[in-house]
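Below is one structure; the comments refer to it alone.
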DNA sequence: GCAAAAGTGTTGCTAATACACCCATGC
DNA sequence: GCATGGGTGTATTAGCAACACTTTTGC
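Residue numbers (the numbering used here), protein chains in the order written: chain A, 1 to 241; chain B, 242 to 482.
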């Protein structure tokens, strides 16, 4: 299982597709929030000056999700509410020059956190549904992450990870609508969400609209999510093995 | 993205969990076939003399699924009907001594192929539901692969990949029953299988039982399977990118 | 004929959908 | 009051599970 290394060899990198819900660009004249993701500007060839997924080489004694979380903190200063391995990309042609195998994670960040995301000259948030040509095969990777996100939102209960600690059912429904790209019946969505048993009603309400105040709910972490990898629930804001 | 290497560094390996349906061991007194997988005997430390998943280091210019297919051919001499990436395992403690990140694939082999699998002193087929202690974290990996297989069989149409080119609906149903570990209603299974639109009736029938002959069907490859990774349908007997 | 599996028909339950309707707040 | 979304009730429908029943073979 040990491999003798000579000159040029295969590099191993860990990168992360980070999704957050942000108020839509005023220019786009759409009231609802949309999915955004932070990208880093490359400062050398190949793909100099292109945007790329945050990531980097795996630390010598570092576990894979730890590396993903580290790059997430490094680029955005944020803690994800959800983190899951996406796929390993290793096509020899995906990186000109040096061969690189990338293990990709994807993450969801809540609106509370996302509001205080750090930005800089070389880090920028771009809308997930309208990206420029990215470095390497990163457009393909983002598309695949979006596909997985839509799948998970449809049959799982992770949408809350894009909101804050508490949220109204209308807010949760809006997340589903934005991710899935379709309108959902408020009455039926409410029933399904409550029937899933993953939500806990709080005593608080959200006031301020020109209408009846909405009850606030929080997510019950006692429920496990599907397909978090073989090591059990990888995520949910704490722990890092 | 380039990484300077010094002395000890991280190894990258590709291994494959290979499933095939084989007639059950006469000792077990069960008439139905069960899932078996080929394992290779380790001939050195760590885990000397333990059974391990077939695999090895990634070739310098070799794509990941190509490496998986190569180790599959090397250990069994077989061509898989289905091949999909499972997960990347990278816990620093999973391999004593040298740090190894393993990208695992899982594969399904048809009964026609499996019948002429090569065996040797250091390759043995063992029943998936009754494995000894394997090398490294390979028990965990096999369990995860089994979980994925059961999931896929339940909501997708891949079970045919464990059979031959043509098969009766009863044979297909038996595959589902063995994988899921529960009895299924023949009438309802038939309707669902046919309604999926993935099966094509042939003019042939399977005779020989003390009962009415059963029509033979084949799988229609025009249908795409879900979650074959971002690169589209990875598999179905040919192609290797 | 008889056993056994192939294959078809029918019924009843469950769950999702569509949509009508009442409730409570801001203005 | 009235507009607006929060929240509840209910009829319709689609899909699935259960199971009775007919068909065609081997012996």
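Here a beta-carbon is modelled for each residue, glycine too, at the ideal position from N, C-alpha and C.
Own chain residues within Cβ distance below 6 Å of residue 58 of chain A, not counting five before or after: Along the first chain, one-based indexing puts residue 58 of chain A at 58. Excluding sequence neighbours, residue 58 of chain A sits near 12, 14, 67.
What residue range does the beta strand (DSSP E) around residue 325 of chain B cover? Taking the first residue of the second chain as position 1, residue 325 of chain B is located at position 84. Its beta strand (DSSP E) spans residues 323 to 330.
Bridge-paired residues (DSSP) for residue 224 of chain B: Chain B is shown from 242 up to 482; residue 224 of chain B falls before or after that span and cannot be answered.
Below 8 Å between beta carbons is the criterion; list the residues of the region 368 to 384 of chain B that meet it against any residue of chain A, in chain order. 381, 382, 384
Contact between the region 455 to 463 of chain B and the region 397 to 413 of chain B: three or more CB pairs below 8 Å? yes
Any C-beta of chain A sitting closer than 7 Å to the C-beta of residue 333 of chain B? In the second chain, the residue the question calls residue 333 of chain B occupies position 92. At least one chain A Cβ lies under 7 Å of residue 333 of chain B.
Under 8 Å Cβ-Cβ, which residues of chain A neighbour residue 302 of chain B? The sequence position of residue 302 of chain B within the second chain is 61, counting from 1. Going along chain A in sequence order, the residues near residue 302 of chain B (Cβ under 8 Å) are 92, 99.
Taking a cut of 8 Å between CB atoms, which residues from the region 174 to 187 of chain A lie near chain B? none
When burial is assigned at 16 or more other CB atoms within 10 Å of the CB, is residue 55 of chain A buried or exposed? In the first chain, residue 55 of chain A corresponds to position 55, counting from 1. Buried: at least 16 other Cβ atoms inside 10 Å.
Flag residue 209 of chain B as yes if its beta-carbon sits less than 7 Å from any beta-carbon of chain A, otherwise no. Because chain B here runs from 242 to 482, residue 209 of chain B falls outside it and cannot be looked at.
From residue 311 of chain B to residue 347 of chain B, what does the alpha carbon distance come to, in whole angstroms? Here residue 311 of chain B is taken as the residue at index 70 of the second chain, counted from 1. Here residue 347 of chain B is taken as the residue at index 106 of the second chain, counted from 1. Whole-angstrom Cα-Cα distance: 13 Å.
Length-filtered (4 minimum) alpha helix (DSSP H) runs lying within the region 277 to 321 of chain B: 305 to 317
Count the other CB atoms, across all protein chains shown, that sit within 10 Å of the CB of residue 165 of chain A; report buried if there are 16 or more and exposed otherwise. The count along the first chain starts at 1 and reaches residue 165 of chain A at position 165. Classification of residue 165 of chain A: exposed, given that the 10 Å Cβ count is below 16.
Chain B beta carbons: is any one of them nearer than 7 Å to that of residue 238 of chain A? Sequence index remark: in the first chain, residue 238 of chain A carries index 238 (1-based). Since pLDDT at residue 238 of chain A reaches only 36, below the 50 mark, its modelled position is unreliable, and the value read off the structure follows with that caveat. No, its Cβ sits nowhere closer than 7 Å to a Cβ of chain B.
Please list the residues of the region 303 to 329 of chain B that have a C-beta atom closer than 8 Å to any C-beta atom in chain A, keeping them in chain order. 303, 304, 305, 326, 328, 329
Backbone CA spacing between residue 122 of chain A and residue 146 of chain A [nearest angstrom]: As a position in the first chain, residue 122 of chain A is number 122, starting the count at 1. As a position in the first chain, residue 146 of chain A is number 146, starting the count at 1. Their backbone Cα atoms lie some 23 Å apart in a straight line.
According to DSSP, residue 127 of chain A sits in a beta bridge with which residue or residues? As a working mapping, residue 127 of chain A is identified with position 127 in the first chain. Beta-bridge pairing links residue 127 of chain A to A:36.
Endpoints, the beta strand (DSSP E) within which residue 19 of chain A is located: In the first chain, residue 19 of chain A corresponds to position 19, counting from 1. Segment 11 to 22, the beta strand (DSSP E) holding residue 19 of chain A.
Interface residues of chain A around residue 251 of chain B at Cβ under 8 Å? Numbered from its first residue, the second chain carries residue 251 of chain B at position 10. Those within 8 Å of residue 251 of chain B in chain A are 12, 58, 60.
Looking at the structure shown, is residue 399 of chain B part of a helix, part of a strand, or coil, going by DSSP? Indexing the second chain from 1 puts residue 399 of chain B at position 158. If DSSP states are grouped into helix, strand and coil, residue 399 of chain B belongs with coil.
Give the residues from the region 340 to 354 of chain B that approach chain A closer than 8 Å (Cβ to any Cβ), ordered along the chain. 340, 341, 342, 344
Give me the Cα-Cα distance between residue 323 of chain B and residue 130 of chain A, rounded to the nearest whole angstrom. Along the second chain, one-based indexing puts residue 323 of chain B at 82. Along the first chain, one-based indexing puts residue 130 of chain A at 130. When rounded, the distance between both Cα atoms is 34 Å.
At least three beta-carbon pairs within less than 8 Å, the region 379 to 393 of chain B to the region 278 to 297 of chain B: yes
Might you give, ordered along the chain, the residues of its own chain that have their beta carbon closer than 6 Å to the beta carbon of residue 430 of chain B, omitting 5 neighbours on each side? Here residue 430 of chain B is taken as the residue at index 189 of the second chain, counted from 1. Around residue 430 of chain B: 414.
Compare the C-alpha of residue 185 of chain A against each of A:196, A:170, A:197, A:179 and name the closest. In the first chain, the residue the question calls residue 185 of chain A occupies position 185. Cα-wise, what sits closest to residue 185 of chain A is A:170.
Would you report the Cα separation of residue 344 of chain B and residue 321 of chain B, rounded to the nearest angstrom? By one-based count along the second chain, residue 344 of chain B stands at place 103. By one-based count along the second chain, residue 321 of chain B stands at place 80. Looking at the two C-alpha atoms, the distance is approximately 18 Å.
Over the uninterrupted alpha helix (DSSP H) stretch that includes residue 135 of chain A, give me the two end residues. For the purposes of this step, residue 135 of chain A is identified with residue 135 of the first chain, where counting begins at 1. That residue, residue 135 of chain A, is in no alpha helix (DSSP H); it is neither H nor E in DSSP.
Enumerate in chain order the residues of its own chain whose CB-to-CB distance from residue 202 of chain A is below 7 Å, with the five nearest sequence positions on each side excluded. Here residue 202 of chain A is taken as the residue at index 202 of the first chain, counted from 1. Correct list, in chain order: 166, 216, 217, 218.
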